[in-house]
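Enquirer:
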Amino acid sequence: MREGLRIILEDTPDVEVIGEAENGLIAVQLAESHQPDVILMDIRMPLLDGIEATERICRQAPQVQRPRILLLTTFDTPELVVEGMRAGAAGYLLKDCSAEELCTAMRAVARGQVLLQASSAAQLLAGLHTQETPAYGSSIDASVSPEVEQLGLTARELEVVRLIARGHSNTQIAAELFVSDATVKTHINHIFSKFGARDRSQVIVKARQLGLA
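Everything in the sequence shown is counted per this note's numbering, starting at 210 for the first residue and increasing by one.
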């Protein structure tokens, strides 16, 4: 798909392709080194999924230099769209969009617009602005105890802790959260470090002590 996108974009007069990434980790690195105006980000990528990559790019870039990220997805899944927008994406497109729709969308997000392709996603995202929902990768919600807050868990890590406590495997967690197994492993490594745990059983014990399970 990357080759097809490159051909389309190279034939567009007001677009310059300055980099391509074969996985999410490289996408984060290229975003920092090349500082593009717009990034086309596939949600499903190896090593680091597009949502996590989006969150990292937005977190590491100053607001004034932050690229506009347009997520590409195969299915119109509202939950994925919400996670992507929480991570900092400027919009999303289905992969079966036309070349004209793609270029129009890129120009729109480059101008600072937010792009939503499906009405169902638009309705969900409208609800986000009226609720105090934590951003992807941000601190956990205010309903948890001070002891949990001191651990510095992100909202996604808190979700993973709760799924571990329910006995979910890495593959089950990945399917539940629409992320890759590699991303789940990264979250679990962070959780082990923050919990001071050596294995999942210690995470479960700690989660129960903190009222997370």
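Beta carbons: idealized from backbone N, C-alpha and C, even for Gly. As the structure is a computational prediction, the values presented were derived from the model and not from experiment.
Leu360 by DSSP, collapsed to three states: which one?
Expert: Looking at Leu360 - three-state DSSP - the assignment turns out to be helix.
Enquirer: Please report the straight-line C-alpha distance between Arg375 and Glu219, rounded to a whole angstrom.
Expert: Each residue's alpha carbon lies about 48 Å from the other.
Enquirer: Please report the Cβ distance between Glu310 and Ile260, rounded to the nearest whole angstrom; I am assuming they are in contact, meaning their Cβ atoms lie under 8 Å.
Expert: Incorrect: roughly 22 Å between the Cβ atoms, too far for contact.
Enquirer: Beta-carbon within less than 7 Å of Tyr258's beta-carbon, same chain only, minus the 5 sequence neighbours each way: which residues are those?
Expert: Per the sequence shown, the amino acid found at residue 258 is Asp instead of Tyr. Gly233, Ile252, Val388, Ser389 and Thr392.
Enquirer: If you compare alpha carbons, which of Gln269, Arg275, Asp223 and Gln418 is closest to Val357?
Expert: With distances taken between Cα atoms, Val357 lies closest to Gln418.
Enquirer: Quick check on Asn398: buried or exposed, where buried means 16 or more other Cβ atoms within 10 Å of its Cβ?
Expert: Exposed, because fewer than 16 other Cβ atoms sit within 10 Å of the Cβ of Asn398.
Enquirer: Report, in whole angstroms, the separation of the C-beta atoms of Phe401 and Val412, which I expect to be a contact under 8 Å.
Expert: Right, their Cβ atoms sit about 7 Å apart.
Enquirer: Alpha carbon to alpha carbon, how far is Ala383 from His377? Give it in angstroms, no decimals.
Expert: Each residue's alpha carbon lies about 10 Å from the other.
Enquirer: Is the beta carbon of Lys403 closer than 8 Å to that of Leu367?
Expert: The answer is no: Cβ separation not under 8 Å.
Enquirer: With burial defined as no fewer than 16 other Cβ atoms inside 10 Å of the residue's Cβ, what is the status of Leu303: buried or exposed?
Expert: By the neighbour-count rule (16 or more Cβ atoms within 10 Å), Leu303 is not buried but exposed.
Enquirer: Count the other CB atoms, across all protein chains shown, that sit within 10 Å of the CB of Arg407; report buried if there are 16 or more and exposed otherwise.
Expert: By the neighbour-count rule (16 or more Cβ atoms within 10 Å), Arg407 is not buried but exposed.
Enquirer: Out of Thr263, Cys267 and Gln269, which one is the CA nearest neighbour of Leu281?
Expert: Closest by alpha carbon: Thr263.
Enquirer: Taking Gly405 as the reference, which of Gly420, Ala314, Pro255 and Leu360 has the closest Cα?
Expert: Cα-wise, what sits closest to Gly405 is Leu360.
Enquirer: Is it buried or exposed for Pro276, if we count other Cβ within 10 angstroms and need 16 for buried?
Expert: When all chains shown are included, Pro276 counts as buried.
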